Amino acid sequence: LINKSNKLTASMSVTMQCMSGFLEAFQKIADIAETNNAGLRPFGIALRRYCLRQRCIESRLRSFNSQITDCLVTPLSDRLEEWRRTSNQMDRDSVKELRKAKSELQRAMLEAEKCKKRIKRKVCILFVHIYCSFMRQNNFYDLTVLMLEFH
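Going by UniProt numbering, the sequence shown runs without a break in its numbering and finishes at 151.
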């Protein structure tokens, strides 16, 4: 937007310079026609009025061009650097948060894996104790029932 606005103001400046040169030439023709006694006075007056109207349009264009520069391009370019810094800082912060979340997830997954292994060991130890107690009693029937229920 800033580049487009700069191009617009530059092209408007060139247009106004061309317009000014054209109006200068027209003004000279109007002056010659007005001072000539060959009956061209009304034509010279009409040309002078045309030049005055065009100069009014030219001044409005200059005003518009300066307003674009002062109210659009300059504030945007001033804030652009601030926006870039803010955007870069937000990117850095989001990367930090992402790394933090990934590491927390890895820690949680490792902890869950450890708990799963502990539970497996405890279940195996419990099963061995039960098995040993049944073996001591020589009660194989109860052991097979227990194994079927366990799985």
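Ideal Cβ positions, reconstructed from N, Cα and C, are used throughout, including at glycine. Model, not experiment: these values are computed from the prediction.
Neighbour-count burial assignment, A30, 16 or more Cβ in a 10 Å radius: Buried is the call here.
Around the Cβ of L23, are there at least 16 other Cβ atoms within 10 angstroms (buried) or fewer (exposed)? With 16 or more other Cβ atoms from the protein chains shown falling within 10 Å of its own Cβ, L23 counts as buried.
Under the three-state reduction of DSSP, which class applies to G44: helix, strand or coil? helix
Counting only runs of 4+ residues fully inside the UniProt domain "IMD" (1–121), write out the alpha helix (DSSP H) ranges in chain order. Correct list: 2–35, 41–68.
If we count the other Cβ atoms within 10 Å of its Cβ and call it buried at 16 or more, is A33 buried or exposed? buried
Hey, N65 and M12: beta-carbon distance below 7 Å or not? Contact flag set, yes.
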